[in-house]
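First up is the structure itself, then whatever we jot down about it.
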Amino acid sequence: MRLRLTPREDSFYDMFADSANNLVIGARLLVELISDDADRPAIAEKMRACEHAGDEFTHAIMHRLNETFITPFDRGDIYRLAGMIDDVMDAMEEAADLVVLYQIEQFPKDVVQMVEVLERAAELTAEAMPRLRSMRELNEYWIEINRLENQADRVYRRLLAHLFSGEYEALTVMKLKEVIDRLEEAADAFEHVANTIETIAVKES
Amino acid sequence: MRLRLTPREDSFYDMFADSANNLVIGARLLVELISDDADRPAIAEKMRACEHAGDEFTHAIMHRLNETFITPFDRGDIYRLAGMIDDVMDAMEEAADLVVLYQIEQFPKDVVQMVEVLERAAELTAEAMPRLRSMRELNEYWIEINRLENQADRVYRRLLAHLFSGEYEALTVMKLKEVIDRLEEAADAFEHVANTIETIAVKES
Amino acid sequence: MRLRLTPREDSFYDMFADSANNLVIGARLLVELISDDADRPAIAEKMRACEHAGDEFTHAIMHRLNETFITPFDRGDIYRLAGMIDDVMDAMEEAADLVVLYQIEQFPKDVVQMVEVLERAAELTAEAMPRLRSMRELNEYWIEINRLENQADRVYRRLLAHLFSGEYEALTVMKLKEVIDRLEEAADAFEHVANTIETIAVKES
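Protein chains in written order, with the numbering used here: chain B, 1036 to 1240; chain A, 1036 to 1240; chain L, 1036 to 1240.
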C-alpha cells in the first residue's frame, strides 16, 4: 500500500526526469565528439556546460530532500539515485575532457559502438524516469540496461585486447585507455542507476 | 549478553561459510593460472564460474537479510561482510580475466608469492567463518590476515620496483601492473573482510 | 538550538585539531621531498611516521566516538570527517612512497605548484578546526578550499598534457603520473574534508 502523495513531493519525479534527460544530451555529445572532423574543443565545452546543469539538478534534489518531511519513496534511495545519475554524467564529462586534453585525433572503431551503447542507455533511463510514479514496467528497463552493460563490457574488453595488440605506441595506449576506462565507468554507472531503481520498485511493490 | 537465536537465523553462518569456501576455490585457481604450461583460458573459465557461484551466495545472503526480522548480529555488518567477500572474489576474477585478455605468458617470480599469500588468506578466512557462531578465536585470525596483507604489500612494492626497472617494455609493464594491482586489491579486500569480522566480534563481546 | 556540551565531548575538537595539524606536517614533507638534492628516502621515512601518527589520531577519534553517548555534532559526520582527514594523509604518504619506490629524481616544474597548493590547503584546514567549536567563519574556509582544489585541478591537467607531450619516455610517464594522481587525490580529499565541515556547519546553524 502506498500513501497518496501531496503535490509538493511529486516534484522529485520531475527532477529525476530532468536529470535523466540531461544524460541523453551528454551521451549525444559523446557521439558527436568521436565522429571524424568534429570540433572537439567546442563539444567538450558543451559537455562541461551539460555537466554543470547536471550538478544543479542534483543539488536541487538534495536541497528538496532536506526540506521534505515525507518523501515519495525511501529518502536514502532518493539520495543514492541522484548521486548515481551524477556519477554517469561525471564519467562522460571526464571522457570528453581527456580527449581534448590529450589531443586524441583518432579512435579505434569499437569506440563508436561503446558510445552508442551509452546513448541507448541514456535514452532508456530517461524513458524509465516518468514510470517511477506508477512503478510500472521498470523491470524491462532494468533488464535492458543490464543487457547493454554486458554489451559495453564485451566491447570494452575487445578494445583493450586491440589496444595492447602492438598496433599502438605505449603513450597512445595510455591515453586511449584512460578515455575508454571512463566510458566503461559510465556504462557501469548506468547499471548502478538501474539497480537503484529496481531496489526502489521492489520495496514499493 | 546475546539472545538465543532461532534456527532460521542460524543460516547466515552457513551462508558465510559457503561464501568463504568459495574464495579458497578462487585463490587456488589463481595459483594454477600462473603456473607454467597452464591452460589459462580454461582456468579463467572456471574462475568465471566460481565468481558466479560467489554472486549467488551473496544474493542469497542479501535475500535472507531482507526477510529476517532478528539477525544474529548487526544487519549492516551482515550486509557489509557479504559485500566484502564479494569484493575479494571480483578482484581475483578480474586478475584471471586480464591474464587471458592480455595473453600474458610469463610472470615475474614474485607473482607466485603474492598469489600464495592470497591462497593462505582465503584458507584462514574460511576457517574463521564457523567461529562467528561462538565469536571465539577471531582475534588470531584478524592478526594473521593483517600480517598477510602487510606481506602482500611488501611483495607488491617489490614487484612494482622490478616492473619499472627497465627490464620490461612499456606495454608489458602496463599489462602486468594491471594484473598485480588486482591481486593487491584482493589482498586488501581480505583485510576488509577481517576488519568487519573484528568489528562484529567487538560489538558482540 | 544546541545543547550545552559536557567537558568530555569537547575533546573531539582537540582531536580534530591534532589530526589536521598532522596534515600540515605531511604537506610540508611533500614540499621538501620534491626539492632538488633532497634526501628522499629519509623524508619518505618521516612521512611514514607522520601517517602512523595520523592513524592513531583517527583511531582515538573512533574509539572516543564508541564510548560517547552525546556527541557535539552528528555521530556520522564525526566518523566521516575523521575518515576523510585520514584519506588526505594516505594520499600524501602514497605519493612520497612511490617517489622513493620508483626512484624518481626529477619532477616537472608544475609539481612544485601542486604541492604548494596542498600545503596551503593543509594550513587552512588546521586553522578551521578550532572554529568548529563556534561554527563561525567556516564558510570562508570552505570557499577557499574549493578555490584551491580548482587550482590544483588546473595544474594537474597542465601536468598531464605536459607528461604526454612526447618529452618523456613511456615508463617515466607512468611513474610520474602515478605520483601526481596521488597528489590530485590529496587535493580532492581536502575538498571532501571541507564539504563535510560545511555540511556540519549547515546542520548546526
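Beta carbons are placed, not taken as given, at the ideal position from N, Cα and C, and that holds for glycine.
**Study point:** Helix, strand or coil at D1109/B [DSSP, three-state]
**Key:** Taking the first sequence and counting its residues from 1, the one referred to as residue 1109/B is at position 74. D1109/B: coil per DSSP, three-state reduction.
Let me check understanding here. Comparing Cα to Cα, which of Y1203/L, R1168/L and I1215/L lies closest to D1188/L? By 1-based counting over the third sequence, the position of residue 1188/L is 153. Nearest C-alpha to D1188/L: I1215/L.
Closest residue to P1143/A among M1127/A, F1104/A and L1194/A (Cα-Cα distance):
In the second sequence, the residue the question calls residue 1143/A occupies position 108. Among M1127/A, F1104/A and L1194/A, the Cα nearest to that of P1143/A belongs to L1194/A.
**Message:** If the criterion is Cβ atoms closer than 8 Å, does the pair R1060/A and A1131/A meet it?
**Reply:** For the purposes of this step, residue 1060/A is taken as residue 25 along the second sequence, with counting starting at 1. For the purposes of this step, residue 1131/A is taken as residue 96 along the second sequence, with counting starting at 1. First, the amino acid is wrong: residue 1060/A is Ile here, not Arg. No, Cβ-Cβ distance for I1060/A and A1131/A is not below 8 Å.
Self-check item: Reduced DSSP secondary structure (H/G/I, E/B, other) of M1050/B
Solution: Sequence index remark: in the first sequence, residue 1050/B carries index 15 (1-based). Three-state DSSP puts M1050/B in a helix.
If the cut is a Cβ gap below 7 Å, which residues of chain B does R1192/L touch? What you label residue 1192/L is simply residue 157 of the third sequence in a count that begins at 1. What R1192/L touches in chain B: L1136.
- Query: With 8 Å set as the bound, which would you pick, yes or no: does the beta-carbon of L1211/A sit closer than that to a beta-carbon of chain C?
  - Reply: You won't find chain C in this structure, because its protein chains are B, A and L.
Could you pull the start and end residues of the alpha helix (DSSP H) that R1193/B belongs to?
-> Residue 1193/B sits at position 158 when you count from the first residue of the first sequence. L1173 to L1198 is the extent of the alpha helix (DSSP H) around R1193/B.
Check your understanding: Alpha carbon to alpha carbon, how far is A1205/A from K1212/B?
Key -> Indexing the second sequence from 1 puts residue 1205/A at position 170. Indexing the first sequence from 1 puts residue 1212/B at position 177. Going by the C-alpha atoms only, they are around 14 Å apart.
Below 8 Å on the Cβ atoms is my contact criterion, and I expect L1153/A with A1062/A to pass it. Report the Cβ-Cβ distance as a whole number of Å.
Counting from 1 along the second sequence, the entry for residue 1153/A is found at position 118. Counting from 1 along the second sequence, the entry for residue 1062/A is found at position 27. With 8 Å as the limit, L1153/A and A1062/A qualify as a contact, their Cβ atoms being about 5 Å apart.
### Task
Helix, strand or coil for R1039/B, going by three-state DSSP, please let me know.
One-based indexing of the first sequence puts residue 1039/B at position 4. At R1039/B, the pLDDT of 49 sits below 50, so the modelled position is not reliable; the number obtained from the coordinates is stated separately. In this structure, R1039/B counts as coil in the three-state DSSP scheme.
Closest by C-alpha distance to Y1191/B, when choosing among F1108/A, L1133/A, R1115/A and D1125/A: Here residue 1191/B corresponds to residue number 156 of the first sequence, with the count starting at 1. The candidate whose alpha carbon is nearest that of Y1191/B is L1133/A.
### Unbroken alpha helix (DSSP H) run spanning F1104/A, endpoints
The sequence position of residue 1104/A within the second sequence is 69, counting from 1. Unbroken run through F1104/A: none, as it is neither H nor E.
C-beta neighbour in chain B for F1108/L, strict 8 Å: Translated into positions along the third sequence, residue 1108/L becomes position 73. No - not a single Cβ of chain B is within 8 Å of the one on F1108/L.
#### Entry: Close-in-space but distant-in-sequence residues of the same chain around D1109/L (CB under 8 Å, 5 per side omitted)
For the purposes of this step, residue 1109/L is identified with residue 74 of the third sequence, where counting begins at 1. Within the same chain, D1109/L has close Cβ partners I1235 and K1238.
* A1205/L CB to nearest chain A CB: under 8 Å? -> In the third sequence, counting from the first residue as 1, residue 1205/L sits at position 170. For A1205/L, the answer is yes, since a Cβ of chain A falls inside 8 Å of its Cβ.
(request) Report the three-state DSSP secondary structure of K1210/B (helix, strand or coil). (result) Indexing the first sequence from 1 puts residue 1210/B at position 175. It is helical.
Exercise for the section: Spatial neighbours of E1179/L within its chain, please: CB distance less than 7 Å, with the 5 preceding and 5 following residues excluded, ordered by chain position. Expected result: Within the third sequence, numbered from 1, the residue matching residue 1179/L stands at position 144. Counting only Cβ-Cβ distances below 7 Å, and skipping sequence neighbours, we find L1159.
Quiz item: Given 8 Å as the limit, is there contact between the region 1136-1151 of chain L and the region 1162-1175 of chain L, that is, 3 or more CB pairs closer than that?
Solution: no
Range covered by the alpha helix (DSSP H) that runs through D1145/L: The sequence position of residue 1145/L within the third sequence is 110, counting from 1. Segment D1145 to A1163, the alpha helix (DSSP H) holding D1145/L.
Could you say which of A1222/L, T1231/L, S1046/L and M1050/L lies nearest to Q1148/L if we only look at CA atoms?
By 1-based counting over the third sequence, the position of residue 1148/L is 113. Answer by Cα proximity: A1222/L.
Nearest residue (CA-CA) to A1163/L, options N1230/L, V1208/L and L1198/L: What you label residue 1163/L is simply residue 128 of the third sequence in a count that begins at 1. Among N1230/L, V1208/L and L1198/L, the Cα nearest to that of A1163/L is on N1230/L.
Cut-off 8 Å between Cβ atoms - residues of its own chain near H1197/A, not counting five sequence neighbours on either side: The count along the second sequence starts at 1 and reaches residue 1197/A at position 162. So the list reads P1143 and D1145, once near-sequence residues are dropped.
If you draw a straight line from the alpha carbon of R1039/B to that of P1107/B, how long is it in whole angstroms? Counting from 1 along the first sequence, the entry for residue 1039/B is found at position 4. Counting from 1 along the first sequence, the entry for residue 1107/B is found at position 72. Because the pLDDT at R1039/B is just 49, under 50, the model does not fix this residue reliably, and the point stays unresolved.
> Under a three-way DSSP split, which group does M1251/B fall into?
Replying inline: The first residue shown for chain B is 1036 and the last is 1240, placing residue 1251/B beyond what the model contains.
- Query: Do F1225/L and A1156/L have their C-beta atoms closer together than 8 Å?
  - Reply: Taking the first residue of the third sequence as position 1, residue 1225/L is located at position 190. Taking the first residue of the third sequence as position 1, residue 1156/L is located at position 121. A contact, by the Cβ cut-off of 8 Å.
Notebook entry, point to check: Which residues in chain B sit within 9 Å of V1208/L, going by Cβ to Cβ distance?
Noted result: Start at 1 with the first residue of the third sequence, and residue 1208/L comes out as number 173. Per Cβ cutoff of 9 Å: A1205, L1206 and M1209.
So for G1061/L, helix, strand or coil by DSSP? Start at 1 with the first residue of the third sequence, and residue 1061/L comes out as number 26. It is helical.
request  = Could you list which residues in chain A have their beta carbon closer than 8 Å to that of L1173/B, in chain order?
outcome  = Within the first sequence, the letter at position 138 stands for residue 1173/B. Neighbours of L1173/B on chain A: none; closest Cβ ~18 Å, over 8 Å.
When the Cα atoms are used, what is the spatial distance from N1181/L to E1233/L?
Here residue 1181/L is taken as the residue at index 146 of the third sequence, counted from 1. Here residue 1233/L is taken as the residue at index 198 of the third sequence, counted from 1. Between N1181/L and E1233/L, the C-alpha separation is close to 11 Å.
Quick one: grab the DSSP three-state call for E1204/B.
Position 169 of the first sequence, counted from the first residue, corresponds to residue 1204/B. Reduced to three states, the DSSP call for E1204/B is coil.
Exercise. Mind checking if L1195/L is an interface residue toward chain B, Cβ cutoff 8 Å exclusive?
Worked result: Taking the third sequence and counting its residues from 1, the one referred to as residue 1195/L is at position 160. Chain B contact via Cβ: present.
*From the DSSP output, in three-state form, read off I1139/B for me.*
In the first sequence, the residue the question calls residue 1139/B occupies position 104. Three-state result, I1139/B: coil.
| message | Suppose contacts are defined by Cβ-Cβ distances below 8 Å. Is A1055/L in contact with I1120/L by that definition? | response | As a working mapping, residue 1055/L is identified with position 20 in the third sequence. As a working mapping, residue 1120/L is identified with position 85 in the third sequence. Cβ distance < 8 Å, so A1055/L and I1120/L count as in contact.
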